[in-house]
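In my numbering, the protein residues as written are 988 to 1246. No residue lacks a Cβ here, since even glycine has one placed at the ideal position from N, Cα and C. Computed from a predicted structure; not experimentally measured.
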């Protein structure tokens, strides 16, 4: 049980007022009693006992509070999920990639027309060589850890083509993401397969999400670093760890010859 400061002050007030009230009642003429050494001795012992009891209670309460906070912190740490994001090159419809995992390609407004064209092609030719041989850059996102899901996942990043000053901003809310699902975000724009523009330069990348224990976390790519932080109740960031982001891997369809 946690006591706030107001409750603690009320307990101390009542504890000290009780013997004083008793003393006043004893001294009243109707009782026919007067103060005595016995009463003063009792009052001293009572006061000392009350003070000792209150101090012991406050110490025990603080110890319980501290232990509860440690337990809560430990449960949050052991139930954290960690995002892994990397820029990869893969077939535009992920042919023969990430076998055995659920794959989801994010629908972006800048790539929607291209993927609509792909659907039209597949409706006519389900084994189109054109589609198999078209590779594009993606951001590939997974999460690891003991929990099976992360909650309230939000992604924000900035991209632009090489040698082009125009920056493209992306903001998405995913909700729940399970551990067996890999997300792919196509880093392209254009109206059809013949005029695909690759958005190669990643200027900013952040993912915020909530663990199953209600802890808010953030994953950031900054320069050549990957940074993991958690956010306290005031929204202040606390770094969990940082490590160097190695060069992005490339993915190829297994039926093709790698560069």
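If the five residues before and after residue 1156 are omitted, its C-beta is found closer than 6 Å to the C-beta atoms of 1145, all from its own chain and listed in chain order. Around the beta carbon of residue 1186, 16 or more other beta carbons lie within 10 angstroms, which makes this residue buried. Restricting attention to 1175, 1170 and 1222, the CA atom closest to the CA of residue 1100 is found in 1175. In this structure residue 1168 touches residue 1089 by the C-beta definition: roughly 4 Å separates them, less than 8 Å. A straight-line Cα-Cα distance of about 50 Å links residue 1115 and residue 1219. Taking a contact to require three or more Cβ pairs closer than 8 Å, the segment 1195–1213 and the segment 1123–1143 qualify as touching.
Boundaries of the alpha helix (DSSP H) around residue 1107: 1099–1111. When DSSP reads this structure, residue 1068 sits in a beta bridge with 1132. Here residue 1126 is near residue 1192, since their CB atoms are less than 9 Å apart. Sequence-distant Cβ neighbours of residue 1183 in its own chain, meaning closer than 6 Å and more than five residues away, are 1175 and 1177.
Distance between residue 1056 and residue 1204, taken at the CA atoms: about 18 Å. Scanning 1103, 1079 and 1137 for the CA closest to the CA of residue 1202 turns up 1137. Burial check for residue 1043: the Cβ neighbour count within 10 Å stays below 16, so the residue is exposed.
In this structure, residue 1081 and residue 1159 do not form a Cβ contact; the two beta carbons are roughly 18 Å apart against a cut-off of 8 Å. Rounded to the nearest angstrom, the Cβ distance from residue 1225 to residue 1215 is 10 Å, too far for a contact under 8 Å. Between residue 1122 and residue 1076, the CB-CB gap stays under 9 Å. Collapsing the DSSP output to three states places residue 1181 in a helix.
Looking only at 1229, 1047 and 1103, the smallest Cα-Cα distance to residue 1179 is reached by 1103. Distances from the alpha-carbon of residue 1140 to those of 1045, 1111 and 1166 put 1166 closest. DSSP places residue 1119 in the uninterrupted alpha helix (DSSP H) bounded by 1116–1119.
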